[in-house]
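Q: Order-wise, the sequence lines are chains X and B. Each step along the first sequence adds one to the number in the UniProt record's numbering, with nothing skipped, and position 465 is 465. Each step along the second sequence adds one to the number in the UniProt record's numbering, with nothing skipped, and position 9 is 9. Ideal placement from N, C-alpha and C gives every residue a C-beta, glycine not left out.
There are 2 protein chains.
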Amino acid sequence: MPSTANVGQQESPRPLEPVALLAARNERESIQIALRPKVSWSTNSGIAGAVQIQSTDLCSSTGDRLVVGKSVTLRRVVSILGVPDALVPLDAPVSQINLFPGETSAIWVSVTVPYDQPPGQYEGQIIVTAMKPDAGSAMSCLSRDEKHQLYKELKSCLDVVEPLDDKPLEEAVNRAKYATSSLKNILLLPTFVECRDDHTSSDAMDEDNIINPSISIKLSVTVWDFTLPLTPSLPAVFGVSETVIEDRFCLQHGSQSWYDALDRHFEWLLQYRISPFFCRWGERMRVLAYTCPWPADHPKADNYYSDPRLAAYAVPYLPIQTCTDTAKDSLRREVEVLKSKSHWKKAYFYLWDEPVNLEQYDTIRNMSSEIRAYAPDARVLTTYYCGPTGAELSSSTFEAFVKVPGILRPHTQIFCTSEWVLGSREDMVKDIVDELQPENGEEWWTYVCLGPTDPHPNWHLGMRGTQHRAVMWRVWKEGGTGFLYWGANCYEKATVPSAEIKFRRGLPPGDGVLFYPGEVFSSSNEPVASVRLERILSGLQDIEYLKLYSSKYGKEEALSLMERRGVYLGPERYTLDHGPIDLMRADIYQACNFGTGIPFA
Amino acid sequence: MPSTANVGQQESPRPLEPVALLAARNERESIQIALRPKVSWSTNSGIAGAVQIQSTDLCSSTGDRLVVGKSVTLRRVVSILGVPDALVPLDAPVSQINLFPGETSAIWVSVTVPYDQPPGQYEGQIIVTAMKPDAGSAMSCLSRDEKHQLYKELKSCLDVVEPLDDKPLEEAVNRAKYATSSLKNILLLPTFVECRDDHTSSDAMDEDNIINPSISIKLSVTVWDFTLPLTPSLPAVFGVSETVIEDRFCLQHGSQSWYDALDRHFEWLLQYRISPFFCRWGERMRVLAYTCPWPADHPKADNYYSDPRLAAYAVPYLPIQTCTDTAKDSLRREVEVLKSKSHWKKAYFYLWDEPVNLEQYDTIRNMSSEIRAYAPDARVLTTYYCGPTGAELSSSTFEAFVKVPGILRPHTQIFCTSEWVLGSREDMVKDIVDELQPENGEEWWTYVCLGPTDPHPNWHLGMRGTQHRAVMWRVWKEGGTGFLYWGANCYEKATVPSAEIKFRRGLPPGDGVLFYPGEVFSSSNEPVASVRLERILSGLQDIEYLKLYSSKYGKEEALSLMERRGVYLGPERYTLDHGPIDLMRADIYQACNFGTGIPFA
């Protein structure tokens, strides 16, 4: 099943088909395998049976490989609030899961093509094998008592014969005889019953496995001669709450393990073509946003800022927490270090979230003035969904909203507006953009949060898969040059890493939560992605495809392709099925693949 | 949580409270324990952790007991089509289940009070203990290879030293030394790593268990001095498809294992105060219904017919399948044997399901005439929901429906009508009953099947728990003297016992399916009850309570109690919560408990 399907426990079975994927280099493509037991074969109460899932490497005819465990990964789709969402990693190349009677389980298979993978046709398979009830993951269980008993008996057997050197020969032999008969009894223990019969050779065991019923899913990936740019074309900046991390993992702000945790989150999110910023909320909607926890002159800072996968970074406006001169000094020093670097063009300052009145506008102006005193080309990002109250226009009108750039200029360069304001009126994009001065470096970015809601594209739990993916189609069509999301880990406070995930009250489920702590699902501390996060990645990859196509045929033609295939026509008109997405991607491949000439099957 | 709660995977946690139940002798009362992990503690991917569930006996101060495993049972509530429904038995007194992150699991606890249990206050507890991740059901796993390796090494160690007698002493000692060092190496295997440290004593292990976090639920049951009659006051006759049993369990009709399977089903259903009949459907709506698979003169037949828990039994009209004289003879013989027995008053003939035209009415008349020629006091049951087409009245009118007794008399004694016909018009009951001649043994029974539907009482999956239980409240209030249900095991055909359960197309989920084959959930062949079947039992038990109360205070007063407590006022007005049910039962207990004088806590 495609990656945009929400495969619930009640999903109906359908015929098994070979999987053929198209992928660029530096791209991830995913599909799902839905498993539903026709019969139960486990003797274990409540479980239909266990299956082993095994993936091979994907190999090309020239011997190149997409290696399982690295480029090919398998994850189990786990429901959150009854909706398939969390992707819990399975061991590679072989792992085992239980199937439940009358329940469909889904496995999320991802192929992540390395940046330098040779183009070509890669073939492999995923084999699902029903495990014999008695084999139990090829493990046989020994009760703790049984094992301790065995150990004790072997130990006492040893005690009898050791040391033999200091004993007279006769006694030594007698002791050896006694040990021998103990040993004989040990081998007659029920523990070894299965070892005593004819089936002791490992050949016989292999034969057992061969007669296990198993199905094989053919997986074929066409890697084509296009490489998604390491640096995403569209900066997608996503907030990660430092407070949530500190609380849940019990980390002291600024301790070594705090830095480690931030490091891990930063690194992990980069694979999703996302440019993370850490954030802490102040009074009202003040926000301290920073991509790098280290000062700009710290050797580690450059690792963060220079990472080619980072498309934009937030520079902390430090005085937000302490308003002393030292803090002001440190802001100046920070800016002075950064503005000399080549990555300075990726920098932005995110100072206030959704200002709603002139007092808040004034605060932004003051902070912005200070920043731009140190670096006149600094970019300030401001999010908003309405005009300010207290101005001449009623704040809730579209006119007041559209006039915000006039009020915030030159104190904001990135005008970041909520998609919710547009409703289904795509035509109003023109009104927004017309107010901007791109010649002076002004940009239009957008964001989604608790709005817009159904049927418009957003990332709430329970929305359709294509609705999740369509957020980025919308951004590309509307022409925004960046995107902001307020929070990727903003679930309710907890103080135990493995505590149950609760969404925040008052927010739609899934809003502000795109991944989960690994500890909730296993002993791993690696974050667990949501299917929504994977669909965000897919959307960001779609943007690179569309950009490639536009670069050759123009944006009008790319928009027309998107429409012709029925992928995305507007916030209320986009495909509900996966088919058109693959067709559009194949069209782009056909039109742009001048490299290897590999035909796409 | 009460037995009428549908505890889904998303059920919110709520405070733990002691459980106090009131139960008569020969009654079953059930509650549910909802478990939701606050944290994950398993190292096993996707599982929050394992808990051990242990129940004690319930003991009275005079030393009487309700024994766990017999009178106290625990079952896991398993979802069917996403709705909590199947009750899969857990081992007693201790079992173990896995909890999943963000998912609520429910345990169904039933106390079944034996017929001869001394009244009194019984106390016990259910203890839920989180299992240590490494303990894994107190089992440690050994891979098959590991175990075979261990066996092989011990065996070769033994081969070296056996026999020693025929060896010179020196060689014997050398061999013993060699074996000793092998043995030493074996004890250093990773398998025994946990045995080598300090924690080898079983005391230490017990201590480990003690520090496991555990919660205890106090369970107190007041058994009062009222015994539900062994023979249910209201005959509730339920169909069991012999075809479904034959297909799924691959049984030859009439073979020994076929008889065994029917036996098991008969016996198992009796515990639910249900009088089963096996059935096979003929052309159109002809039905062969029989409670006992043996001929009346077979020694086994009396075991079936004389069982005091059976309130009514179907006598097969044999010629339904073969229309020869032999078959006719066998009907006569069957009736002649049965009519001489004291249990004959429980007999009925169910010949045709829902006749809709005069031709079908004629068939019923012919069969009925034949039966009554052999036994003039035989009772024929006919189900219907409309008048016949082809008669003077339009068949779909209420008038035509109400006049059916006039057309079928004297060929039917039990007029069994669909509750669906009444809609919310309880007052129409009078019109139906007025047409009957109770002085000539005519009775009014009812049935539900695919209708009525929401919000009226029925047993479909996804309805409220009180809606399930209300079916019997309705019967009692309306005054019918019996009840029929068409099928308890009528899921889709399958030919493997453990095959997935599929509801029949075109029927509301759960309609015709009140229990599941045990093989779907474990290796047991004992049927798995649905929560709906348990609620049917509760409803049938409520009828006995109401009958007891009526016998002392009159039916009017009983109806008024039911209304006062808000339990049941009509098919669209019954309690949605459990509270009123317990209050009404306590009222009846207070008003009727003249025996022991035990106050109900």
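What in chain X is Cβ-close to residue 450 (chain B), meaning under 7 angstroms?
A: By 1-based counting over the second sequence, the position of residue 450 (chain B) is 450. By Cβ distance, chain X contributes nothing, its closest Cβ being about 21 angstroms from residue 450 (chain B), past 7 angstroms.
Q: In chain order, which beta strand (DSSP E) runs of at least 3 residues are fully inside the segment 449 to 502 of chain X?
A: Listed in chain order, the complete beta strand (DSSP E) runs (minimum 3 residues) inside the segment 449 to 502 of chain X are 482 to 485.
Q: To the nearest whole angstrom, what separates the beta carbons of residue 112 (chain B) and residue 71 (chain B), a pair I think is in contact under 8 angstroms?
A: One-based indexing of the second sequence puts residue 112 (chain B) at position 112. One-based indexing of the second sequence puts residue 71 (chain B) at position 71. The Cβ separation is near 5 angstroms, so the contact holds.
Q: Quick test of your reading: residue 3 (chain B) and residue 32 (chain B), contact by CB under 8 angstroms. State the CB separation rounded to the nearest angstrom.
A: Locating residue 3 (chain B) in the second sequence gives position 3, where the first residue counts as 1. Locating residue 32 (chain B) in the second sequence gives position 32, where the first residue counts as 1. Right, the Cβ-Cβ distance comes to about 7 angstroms (below 8 angstroms), so this counts as a contact.
Q: Output the distance between the C-alpha atoms of residue 120 (chain B) and residue 221 (chain B), rounded to the nearest integer angstrom.
A: Here residue 120 (chain B) is taken as the residue at index 120 of the second sequence, counted from 1. Here residue 221 (chain B) is taken as the residue at index 221 of the second sequence, counted from 1. Looking at the two C-alpha atoms, the distance is approximately 8 angstroms.
Q: Considering only the alpha carbon of each residue, which of X:10, X:387, X:348, X:358 lies closest to residue 371 (chain X)?
A: On the first sequence, position 371 is the one that residue 371 (chain X) refers to. Cα-wise, what sits closest to residue 371 (chain X) is X:348.
Q: Can you list, in chain order, the residues of its chain whose CB lies under 7 angstroms from that of residue 198 (chain B), leaving out five sequence neighbours each side?
A: Locating residue 198 (chain B) in the second sequence gives position 198, where the first residue counts as 1. At residue 198 (chain B), the pLDDT of 45 sits below 50, so the modelled position is not reliable and the matter cannot be decided from this model.
Q: Could you tell me which residues DSSP puts in a beta bridge with residue 279 (chain X)?
A: Taking the first sequence and counting its residues from 1, the one referred to as residue 279 (chain X) is at position 279. Its beta-bridge partners are X:241, X:289.
Q: Within 8 angstroms, do at least three Cβ pairs link the segment 375 to 394 of chain B to the segment 343 to 362 of chain B?
A: yes
Q: Ignore the nearest five residues each way along the sequence and tell me which others in residue 125 (chain X)'s own chain have a CB closer than 8 angstroms to its CB.
A: Position 125 of the first sequence, counted from the first residue, corresponds to residue 125 (chain X). Only 55, 56, 216, 217, 218, 219 meet the Cβ criterion.
Q: Anything in chain X within Cβ reach of residue 43 (chain B), meaning under 7 angstroms, just list it in chain order.
A: To locate residue 43 (chain B), count along the second sequence from 1; it is residue 43. In chain order: 522, 523.
Q: Is the Cβ of residue 23 (chain B) closer than 8 angstroms to any Cβ of chain X?
A: What you label residue 23 (chain B) is simply residue 23 of the second sequence in a count that begins at 1. Cβ-Cβ to chain X under 8 angstroms: no for residue 23 (chain B).
Q: Under 8 angstroms, do residue 106 (chain X) and residue 77 (chain X) count as touching if we go by C-beta distance?
A: Residue numbering aside, residue 106 (chain X) sits at position 106 when the first sequence is read from its first letter. Residue numbering aside, residue 77 (chain X) sits at position 77 when the first sequence is read from its first letter. For residue 106 (chain X) and residue 77 (chain X), yes; Cβs fall inside 8 angstroms.
Q: Hey, out of B:387, B:397, B:400, B:328, whose CA is closest to residue 614 (chain B)'s CA?
A: Outside the shown range of chain B (1 to 601) lies residue 614 (chain B), about which nothing can therefore be said.
Q: Which residues in chain X sit within 7 angstroms of residue 192 (chain B), going by Cβ to Cβ distance?
A: Translated into the one-based positions of the second sequence, residue 192 (chain B) becomes position 192. What residue 192 (chain B) touches in chain X: 151.
Q: Determine the closest residue to residue 331 (chain X) out of X:369, X:542, X:308, X:476, with distance taken between C-alpha atoms.
A: Your numbering for residue 331 (chain X) matches position 331 in the first sequence. The residue with the shortest Cα to Cα distance from residue 331 (chain X) is X:369.
Q: State yes or no: is the beta carbon of residue 94 (chain X) nearer than 8 angstroms to at least one beta carbon in chain A?
A: No chain A is present in this structure, whose protein chains are X and B.
Q: Indicate the three-state DSSP secondary structure (helix, strand or coil) for residue 44 (chain B) in the structure shown.
A: Your numbering for residue 44 (chain B) matches position 44 in the second sequence. Looking at residue 44 (chain B) - three-state DSSP - the assignment turns out to be coil, as it is neither helix nor strand.
Q: To which residues does DSSP link residue 68 (chain X) through a beta bridge?
A: Stepping through the first sequence from its first residue, residue 68 (chain X) is reached at position 68. DSSP lists X:72 as partners of residue 68 (chain X).
Q: Taking 8 angstroms as the CB-CB cut-off, is residue 506 (chain X) touching chain B?
A: Position 506 of the first sequence holds residue 506 (chain X). So, not an interface residue.
Q: By the three-class DSSP mapping on this structure, what secondary structure does residue 218 (chain B) have?
A: Working through the second sequence from its first residue, we reach residue 218 (chain B) at position 218. Three-state result, residue 218 (chain B): strand.
Q: By DSSP, does residue 372 (chain X) sit in helix, in strand, or in coil?
A: Here residue 372 (chain X) refers to the residue found at position 372 when the first sequence is read from its first residue. In this structure, residue 372 (chain X) counts as helix in the three-state DSSP scheme.
Q: So, with DSSP's three-state summary, where would you put residue 50 (chain X)?
A: For the purposes of this step, residue 50 (chain X) is taken as residue 50 along the first sequence, with counting starting at 1. In the structure shown, residue 50 (chain X) adopts extended strand secondary structure according to DSSP, grouped into three states.
Q: Can we say the segment 444 to 461 of chain B touches the segment 410 to 427 of chain B, given the rule of at least three CB pairs closer than 8 angstroms?
A: Yes, the segment 444 to 461 of chain B touches the segment 410 to 427 of chain B.
Q: Closer than 8 angstroms by beta-carbon distance: list the chain X residues that pair up with residue 88 (chain B), in chain order.
A: Along the second sequence, read from residue 1 onward, the residue named residue 88 (chain B) stands at position 88. Within chain X, the residues near residue 88 (chain B) are 45, 46.
Q: Let's see if you can read the secondary structure: which residues bound the beta strand (DSSP E) around residue 85 (chain X)?
A: In the first sequence, residue 85 (chain X) corresponds to position 85, counting from 1. Residue 85 (chain X) -> beta strand (DSSP E) spans 83 to 89.
Q: Taking Cβ-Cβ distances shorter than 9 angstroms, what residues in chain B pair up with residue 156 (chain X)?
A: Along the first sequence, read from residue 1 onward, the residue named residue 156 (chain X) stands at position 156. Correct list: empty, because the minimum Cβ distance to chain B is about 11 angstroms.
Q: Taking Cβ positions, are residue 343 (chain B) and residue 306 (chain B) nearer each other than 8 angstroms?
A: In the second sequence, counting from the first residue as 1, residue 343 (chain B) sits at position 343. In the second sequence, counting from the first residue as 1, residue 306 (chain B) sits at position 306. Closer than 8 angstroms, so yes.
Q: Near residue 176 (chain B), which residues of its chain fall below 7 angstroms by C-beta distance, leaving aside the five closest residues on each side in sequence?
A: Position 176 of the second sequence holds residue 176 (chain B). For residue 176 (chain B), where only same-chain residues beyond five positions count, the Cβ hits under 7 angstroms are 161.
Q: State yes or no: is the beta carbon of residue 104 (chain B) nearer than 8 angstroms to at least one beta carbon in chain X?
A: Residue numbering aside, residue 104 (chain B) sits at position 104 when the second sequence is read from its first letter. With 8 angstroms as the cut-off, residue 104 (chain B) does not count as an interface residue toward chain X.
Q: Report back the beta-carbon spacing between residue 87 (chain X) and residue 530 (chain X) to the nearest angstrom; my notes put them in contact at under 8 angstroms.
A: Sequence index remark: in the first sequence, residue 87 (chain X) carries index 87 (1-based). Sequence index remark: in the first sequence, residue 530 (chain X) carries index 530 (1-based). For a cut-off of 8 angstroms, the C-beta gap from residue 87 (chain X) to residue 530 (chain X) is around 7 angstroms, short enough to register as a contact.
Q: Which chain B residues are close to residue 76 (chain X), counting only those with a beta carbon under 7 angstroms from its beta carbon?
A: For this step, residue 76 (chain X) is matched to residue 76 along the first sequence. In chain order: 46.
Q: Within 8 angstroms of any Cβ in chain B, is that where the Cβ of residue 176 (chain X) sits?
A: Counting from one through the first sequence, the residue named residue 176 (chain X) turns up at place 176. Yes, because at least one Cβ of chain B sits closer than 8 angstroms to the Cβ of residue 176 (chain X).
Q: In its own chain, which residues sit with a C-beta less than 8 angstroms from the C-beta of residue 207 (chain X), not counting the 5 before and 5 after it?
A: Start at 1 with the first residue of the first sequence, and residue 207 (chain X) comes out as number 207. In this predicted model, residue 207 (chain X) has a pLDDT of only 41, less than 50, meaning its place in the structure is not dependable enough to derive any value.
Q: When the Cα atoms are used, what is the spatial distance from residue 264 (chain X) to residue 96 (chain X)?
A: Within the first sequence, numbered from 1, the residue matching residue 264 (chain X) stands at position 264. Within the first sequence, numbered from 1, the residue matching residue 96 (chain X) stands at position 96. C-alpha of residue 264 (chain X) to C-alpha of residue 96 (chain X): approximately 28 angstroms in a straight line.
Q: How would you list, in chain order, the residues of chain X whose beta-carbon sits under 9 angstroms from the beta-carbon of residue 414 (chain B)?
A: As a first step, residue 414 (chain B) must be located in the second sequence, where it is residue number 414. Correct list: empty, because the minimum Cβ distance to chain X is about 37 angstroms.
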